[in-house]
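Peer 1:
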Amino acid sequence: MKEDSSHSDLVEGVTDAFGRPLGSLRLSVTDRCNLRCKYCMPEEEYVWLPREDILSFEEMATLAGYFADLGVDKVRLTGGEPLLRRDLARLVRLLLHDRRITEVALTTNGVLLAEYAQELYDAGLNRVTVSLDTLRPERFRRLTGRDEFARVLEGIESVGKTGFTNLKLDTVAIRGFNEDELSPLIEFAKHYQAEVRFIEYMDVGGANEWTMDKVLSQDMILDALARRYGRITALPERGAAPAQQFCLPDGTIFGIIPSTTIPFCAQCDRSRLTADGLWYLCLYAGSGVDLRKPLRMNEPSDQIREIIRAVWAARRDRGAEERKALERVGLRAGGLIDIDRLREDPHLEMHARGG
Numbered sequence: 105m106k107e108d109s110s111h112s113d114l115v116e117g118v119t120d121a122f123g124r125p126l127g128s129l130r131l132s133v134t135d136r137c138n139l140r141c142k143y144c145m146p147e148e149e150y151v152w153l154p155r156e157d158i159l160s161f162e163e164m165a166t167l168a169g170y171f172a173d174l175g176v177d178k179v180r181l182t183g184g185e186p187l188l189r190r191d192l193a194r195l196v197r198l199l200l201h202d203r204r205i206t207e208v209a210l211t212t213n214g215v216l217l218a219e220y221a222q223e224l225y226d227a228g229l230n231r232v233t234v235s236l237d238t239l240r241p242e243r244f245r246r247l248t249g250r251d252e253f254a255r256v257l258e259g260i261e262s263v264g265k266t267g268f269t270n271l272k273l274d275t276v277a278i279r280g281f282n283e284d285e286l287s288p289l290i291e292f293a294k295h296y297q298a299e300v301r302f303i304e305y306m307d308v309g310g311a312n313e314w315t316m317d318k319v320l321s322q323d324m325i326l327d328a329l330a331r332r333y334g335r336i337t338a339l340p341e342r343g344a345a346p347a348q349q350f351c352l353p354d355g356t357i358f359g360i361i362p363s364t365t366i367p368f369c370a371q372c373d374r375s376r377l378t379a380d381g382l383w384y385l386c387l388y389a390g391s392g393v394d395l396r397k398p399l400r401m402n403e404p405s406d407q408i409r410e411i412i413r414a415v416w417a418a419r420r421d422r423g424a425e426e427r428k429a430l431e432r433v434g435l436r437a438g439g440l441i442d443i444d445r446l447r448e449d450p451h452l453e454m455h456a457r458g459g
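Numbering-wise (the numbering used here), the sequence shown opens with residue 105 and increments by one.
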């Protein structure tokens, strides 16, 4: 296992083949979820990751330390639904024990948030993002397969009461489903001093029945909101952040993540570590690098660190741009991976790799 790096300032930054730094790590703590959202994991049963393969929190913190050695300073906890993992606050404390990690954030569906918000805040969690795709309870039930809308609202309420600031609400914008809720979601976010981010529907996974005509593009979103609010101003470039920010005439800021129509691969500094230790360089990647095996075989820390460094240095992934290019030849017709392959390998599902 890795030596304690909490008192070390060692950082050996590494860039990939296109000069993109290794700066952000999305850490999936479980592949399980308590919702069945149609755009992510719509089926009731999946092939789950074997329990014995799931990393302990100590193992996750150890691997995060190796990433911090190479420049990562932001970690986002994801799933599945991360709050299904027992005692998540302990992982937050372990990660923040390494002072080079300056931000630990959480993305959650909000169902369990009210129950755990206080202990997560007390553990030092910096920021919370809640997925919220609709404000209509019946529409929520149809989208998620569960009647949990009231608990999500309770979770959002708990964020401000606990003391968190900079709340973000992530909305997957789906044409023919929730395009009539763009301005209501912005008004809802204002009430909680939150920033809503509209995410273009992405063709990941294979069970979500994605088609291009379901994508509510950035241009469509801006056009609809301009008709409601007036002139919208784009804020300065986002850098490595996934969302482009915009400002309404009254000063309200919202974001759009246009991964489908305007990929931001050129600035992407994030990679994904699954709950069982497979490292993916891109959300669209077909395969990952096994970091669990060398960790559990007690390989020297320098050797594991070198694996990460060498793999990132050779990284050429531009998955969203490559998917976008398929439109020109008429091949971007559906989800990324065939449903039969998904049933054979759970790592190919978005919920297993911290989508």
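Where a beta carbon is used, it is the ideal one built from N, C-alpha and C, also for glycine.
Remember, it's a predicted structure, so these values are computed and weren't measured experimentally.
Mind checking which residues open and close the beta strand (DSSP E) that includes Asp327?
Peer 2: Note, Asp327: premise wrong, no beta strand (DSSP E); alpha helix (DSSP H) at 322-333.
Peer 1: Residues in its own chain within less than 8 Å of Lys294 by CB, not counting five upstream and five downstream?
Peer 2: If we look at Lys294 and ignore the five residues flanking it on each side, its Cβ neighbours are Thr356.
Peer 1: In angstroms, rounded to a whole number, what distance separates the CA positions of Cys351 and Leu395?
Peer 2: About 42 Å.
Peer 1: Looking at C-alpha atoms only, which residue of Cys144, Leu174, Thr248 is the closest neighbour of Arg409?
Peer 2: The residue with the shortest Cα to Cα distance from Arg409 is Leu174.
Peer 1: For the 8 Å Cβ check, are there 3 or more pairs between the region 186-204 and the region 227-241?
Peer 2: Judged by Cβ distances under 8 Å, the region 186-204 makes contact with the region 227-241, as three or more pairs qualify.
Peer 1: What does the alpha-carbon distance come out to for the pair Phe358 and Glu156?
Peer 2: Cα to Cα, Phe358 sits roughly 41 Å from Glu156.
Peer 1: Where does Gly381 sit, in a helix, a strand or coil, going by DSSP?
Peer 2: Residue state, collapsed to three classes: coil.
Peer 1: Which value, in whole angstroms, describes the spacing of the CA atoms of Glu426 and Val308?
Peer 2: Answer to the nearest angstrom: the Cα atoms are 13 Å apart.
Peer 1: Under a Cβ-count criterion, where at least 16 other Cβ atoms within 10 Å of its own Cβ denotes burial, should Trp152 be classed as buried or exposed?
Peer 2: Label assigned to Trp152: exposed.
Peer 1: Between Gly343, Leu387, Thr248, Tyr296, which lies nearest to Cys137 when the distance is taken from Cα to Cα?
Peer 2: The residue with the shortest Cα to Cα distance from Cys137 is Thr248.
Peer 1: Return the CA-CA distance between Val433 and Thr364, expressed in angstroms with no decimal places.
Peer 2: Answer to the nearest angstrom: the Cα atoms are 16 Å apart.
Peer 1: Helix, strand or coil, according to DSSP, for Cys141 in the structure here?
Peer 2: Looking at Cys141 - three-state DSSP - the assignment turns out to be coil, as it is neither helix nor strand.
Peer 1: Tell me, please, whether the region 368-381 touches the region 337-352 by the rule of three or more beta-carbon pairs shorter than 8 Å.
Peer 2: Touching, yes.
Peer 1: Just to confirm the assignment, what range does the beta strand (DSSP E) spanning Lys272 have?
Peer 2: Looking at the DSSP string, the run of the beta strand (DSSP E) that includes Lys272 is 272-277.
Peer 1: Which residues share a DSSP beta bridge with Pro125?
Peer 2: DSSP, once it has assigned bridges, lists Thr119 as partnering Pro125.
Peer 1: Could you tell me the boundaries of the alpha helix (DSSP H) in which Gly423 lies?
Peer 2: Residues 423-429.
Peer 1: Could you name the residues of the same chain whose beta carbon sits closer than 7 Å to that of Arg419, not counting the 5 residues immediately before and after it, in chain order?
Peer 2: Closer than 7 Å at the Cβ level, and outside the excluded window around Arg419, lie Asp120, Ala121, Leu385.
Peer 1: Which of the three DSSP states, helix, strand or coil, is assigned to Arg376?
Peer 2: Three-state DSSP puts Arg376 in a strand.
Peer 1: Going by CA-CA distance only, name the one from Gly343, Pro288, Asn282, Val300 that's closest to Lys318.
Peer 2: Here the closest residue by C-alpha is Asn282.
Peer 1: So, with DSSP's three-state summary, where would you put Ala347?
Peer 2: DSSP places Ala347 in coil when its eight states are reduced to three.
Peer 1: So Asp177 packs on Glu207, CB below 8 Å; how close in whole Å?
Peer 2: Sure, about 7 Å apart at Cβ, within 8 Å.
Peer 1: Could you give the uninterrupted runs of the beta strand (DSSP E) lying entirely in the region 169-211, keeping only those of 3 residues or more?
Peer 2: DSSP runs (the beta strand (DSSP E)) wholly in the region 169-211: 178-182.
Peer 1: Measure the alpha-carbon distance for Phe161 versus Ser132 and round it to whole angstroms.
Peer 2: Roughly 11 Å between the two C-alpha positions.
Peer 1: Just to confirm the assignment, what range does the alpha helix (DSSP H) spanning Glu304 have?
Peer 2: Not the alpha helix (DSSP H): Glu304 falls in the beta strand (DSSP E), residues 299-304.
Peer 1: Looking only at C-alpha atoms, which of Cys144, Lys265, Gly423, Glu291 sits nearest to Tyr333?
Peer 2: It is Glu291.
Peer 1: In chain order, what residues of the same chain lie with their CB nearer than 7 Å to the CB of Ser110, ignoring the 5 residues before and after it?
Peer 2: With a pLDDT of only 44 at Ser110, under 50, the local geometry of the prediction cannot be trusted, and no value is derived from it.
Peer 1: Between Asp380, Ala298, Leu286, which lies nearest to Glu304 when the distance is taken from Cα to Cα?
Peer 2: Glu304 has its Cα closest to that of Leu286, out of Asp380, Ala298, Leu286.
Peer 1: May I ask which residues mark the beginning and end of the beta strand (DSSP E) holding Val234?
Peer 2: Where Val234 is concerned, the enclosing beta strand (DSSP E) stretches over 231-235.
Peer 1: From the DSSP output, read off the bridge partner residues of Thr337.
Peer 2: Paired residue(s): Cys351.
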